[in-house]
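Quick note on numbering: numbering that gives the first Met the number 0 labels position 4 of the sequence shown as 3, and the sequence is numbered without any gaps. The beta-carbon is built from N, C-alpha and C at its ideal position, and this holds for glycine as well. None of the values given here were measured: they were computed from a predicted structure. Presented below is the structure to which this report refers.
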Amino acid sequence: MSQYRAIRGMVDILPDDTPLWQMLEQTASDVLGAHGYQEIRTPIVESTDLFARSIGEVTDIVEKEMYSFPDRNDESLSLRPEGTASTVRAMVQHNLIQSPQRVWYRGPMFRYERPQKGRQRQFHQLGVEAFGIATPDLDAELLLMCRQWWKRLGIDDVLTLELNTIGSGEARQRYKAALTDYLRGHFDALDDDSQRRLDTNPLRILDTKSESTQAVLKGAPSMSTFLDDESRAHHDRLCELLSLAGLSFVPNPNLVRGLDYYNKTVFEWTTDKLGAQATVCGGGRYDAMVSQFGGRDTAGCGFAAGLERLILLLQALDVEASADPDLYIISSDENALGKAMLEADRIRSEFPTLNVVQHLGGGSFKSQFKRADKSGAAWAMVFGEEEVAQGTVTLKPLRSRDEQMTLDREGLNKFLAQLEALAQDVEE
Ligand code: ATP
Ligand code: MG
0 MSQYRAIRGM VDILPDDTPL WQMLEQTASD VLGAHGYQEI RTPIVESTDL FARSIGEVTD
60 IVEKEMYSFP DRNDESLSLR PEGTASTVRA MVQHNLIQSP QRVWYRGPMF RYERPQKGRQ
120 RQFHQLGVEA FGIATPDLDA ELLLMCRQWW KRLGIDDVLT LELNTIGSGE ARQRYKAALT
180 DYLRGHFDAL DDDSQRRLDT NPLRILDTKS ESTQAVLKGA PSMSTFLDDE SRAHHDRLCE
240 LLSLAGLSFV PNPNLVRGLD YYNKTVFEWT TDKLGAQATV CGGGRYDAMV SQFGGRDTAG
300 CGFAAGLERL ILLLQALDVE ASADPDLYII SSDENALGKA MLEADRIRSE FPTLNVVQHL
360 GGGSFKSQFK RADKSGAAWA MVFGEEEVAQ GTVTLKPLRS RDEQMTLDRE GLNKFLAQLE
420 ALAQDVEE
């Protein structure tokens, strides 16, 4: 018999791991909500052209990482490799960019890459985009918002903000020409990849991993001397706002990011806890993209976080989240089961935050207790003959040294209220 397996690079997130994912996503949605950002959900499939035009024909993503295929009408479609292009498309299509907008999205993205730790073919991003605000206070707000999220996750100590400005389109063209000239003079010392990129995407050579190319780059002209005045002022003000907020960063003049649509601010949050896949979040300004998509000239700025890498980081720091039940309900016979199910139903409506698992499928007391223990539940709630006759229940602790107790309805309600309060405390 053949055994099916998930496609290479596409990963199942199993029940033991989902509590951490839910915690990660919940903290994000809390932080974003607290800043007035609203969620947007767009399709996973878009026309290939949308990505080719916005991300750029000669970027890694479009050249070799996209899952593209003809649909039955022979139109070329692609699984989205990132979320910004779709978000801008949707905002323009629905005429939402008349006034400033703040939105966020989350979901699977697809890139045909070599799978390794922190690098998958289906992975998940949570991204934020804001439109219609050209001033650097927006860039600052986005970075402060990231910091809030990191703080709530307890990972702000292990993340570093790297910041750069890549100026206006024109400044970048002039810089590109100067950089290309310089690198052509050192062509033979460049690695193969950089030699190839010299004609297609010379700026990407700046973040090369090759040591020989890095050595050549030491003498290369610097973007900062080509920067236009407006971009420089924008950057200076951003740095000032960050310093006011006590958010420190590392200037990285070689940070350019792999997508064509950026201008002015670019940034990445990196960590030394994850090996080669060190960037957990990246973003920047893309002031030309909305008009390129047929909307009216509107500034844009955003970021995307890689959720797999954040999960790896949380795991590396031993952060845990659990969804273990509070109560596991056990009953002695059919009659007791009937009572137990009714009581479970009442508890779930009166104490809606408690996680109550009803044992199903019968079996001896002993086997039911085994299951209760395996479920991770804090308490077993027992409906035996005696309890049913007296109108009581017995609560047996499975994880603590608390006393076993037999309670009537009133006692039970008191106990459950305490349990609920305790669970709330742990969450906060
Ligand atoms: P990298 O340089 O690591 O390939 P990137 O610059 O291609 O990253 P972006 O397009 O900026 O990545 O995406 C934002 C974030 O999404 C990245 O910082 C990373 O955390 C995450 N990410 C990107 N590609 C992958 C992938 N294949 N698997 C898992 N996470 C990814
Ligand atoms: Mg990449």
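Contact test: residue i Cβ vs the ligand MG heavy atom, cutoff 7 Å
{"i": "Gly-305", "result": "no"}
{"i": "Asp-259", "result": "no"}
{"i": "Asp-59", "result": "yes"}
Residue span of the beta strand (DSSP E) that contains residue i, given as start and end
{"i": "Gly-301", "result": "299-305"}
{"i": "Ala-379", "result": "378-382"}
{"i": "Leu-78", "result": "75-78"}
Closer than 7 Å: residue i CB and nearest the ligand ATP heavy atom
{"i": "Glu-112", "result": "yes"}
{"i": "Cys-300", "result": "no"}
{"i": "Gly-294", "result": "no"}
{"i": "Arg-236", "result": "no"}
{"i": "Gly-281", "result": "yes"}
{"i": "Glu-81", "result": "yes"}
{"i": "Arg-105", "result": "no"}
{"i": "Gly-117", "result": "yes"}
{"i": "Phe-266", "result": "no"}
{"i": "Arg-308", "result": "yes"}
{"i": "Gln-124", "result": "yes"}
{"i": "Arg-203", "result": "no"}
{"i": "Arg-256", "result": "yes"}
{"i": "Thr-278", "result": "yes"}
Beta bridge counterpart(s) of residue i as assigned by DSSP
{"i": "Ala-129", "result": "Arg-101, Cys-300"}
{"i": "Pro-69", "result": "Ser-75"}
{"i": "Gly-106", "result": "Gln-124"}
{"i": "Gln-115", "result": "Arg-118"}
{"i": "Met-9", "result": "Gln-121"}
Rounded Cβ spacing between residue i and residue j (contact assumed at less than 8 Å)
{"i": "Val-289", "j": "Ile-96", "result": "6 Å"}
{"i": "Ser-211", "j": "Ala-188", "result": "6 Å"}
{"i": "Ile-310", "j": "Gln-367", "result": "Not a contact, Cβ separation roughly 34 Å."}
{"i": "Ala-304", "j": "Leu-237", "result": "Between Leu-237 and Ala-304 the Cβ distance is about 20 Å, and since that is not below 8 Å, they are no contact."}
{"i": "Phe-109", "j": "Arg-120", "result": "6 Å"}
{"i": "Ala-377", "j": "Leu-353", "result": "Their Cβ separation, rounded to whole angstroms, is 10 Å, which puts Ala-377 and Leu-353 out of contact at 8 Å."}
{"i": "Glu-128", "j": "Thr-164", "result": "Between Thr-164 and Glu-128 the Cβ distance is about 19 Å, and since that is not below 8 Å, they are no contact."}
{"i": "Arg-347", "j": "Val-355", "result": "6 Å"}
{"i": "Phe-50", "j": "Ser-77", "result": "6 Å"}
{"i": "Ile-54", "j": "Leu-202", "result": "So it is not a contact: roughly 14 Å between Cβ atoms."}
{"i": "Ser-167", "j": "Asn-251", "result": "Actually they are not in contact, since the Cβ atoms of Ser-167 and Asn-251 sit about 19 Å apart, beyond 8 Å."}
{"i": "Thr-41", "j": "Ala-89", "result": "5 Å"}
{"i": "Val-392", "j": "Asn-334", "result": "Actually they do not touch by this definition, with Cβ atoms about 14 Å apart."}
{"i": "Val-57", "j": "Asn-200", "result": "5 Å"}
{"i": "Ala-320", "j": "Leu-19", "result": "5 Å"}
{"i": "Leu-273", "j": "Leu-326", "result": "That pair is no contact at about 38 Å."}
{"i": "Lys-116", "j": "Gln-276", "result": "6 Å"}
Limits of the alpha helix (DSSP H) - the one that residue i falls within
{"i": "Ser-209", "result": "Careful: Ser-209 lies outside any alpha helix (DSSP H) and carries neither H nor E."}
{"i": "Leu-241", "result": "228-243"}
{"i": "Ser-85", "result": "83-92"}
Residue-level contact to chain D via CB, residue i, 8 Å cutoff
{"i": "Thr-17", "result": "The structure shown contains no chain D; it is built from a single protein chain."}
| What residue ranges within the stretch 21-67 form continuous beta strand (DSSP E) runs of no fewer than 3 residues, ordered along the chain? | List check, beta strand (DSSP E) in window: 44-46.
| said: Please give the ranges of any alpha helix (DSSP H) in the stretch 248-335, keeping only runs that are unbroken, at least 4 residues long and fully inside the region. | reply: List check, alpha helix (DSSP H) in window: 288-291, 306-315.
| Every unbroken alpha helix (DSSP H) inside the stretch 148-197 [4 residues or more] | The stretch 148-197 contains these whole alpha helix (DSSP H) runs: 168-183.
| task | List in chain order: all unbroken beta strand (DSSP E) runs of 3+ residues lying wholly within the stretch 345-415. | result | If only uninterrupted beta strand (DSSP E) runs of at least 3 residues are considered, those enclosed by the stretch 345-415 are 355-357, 378-382, 392-396, 404-406.
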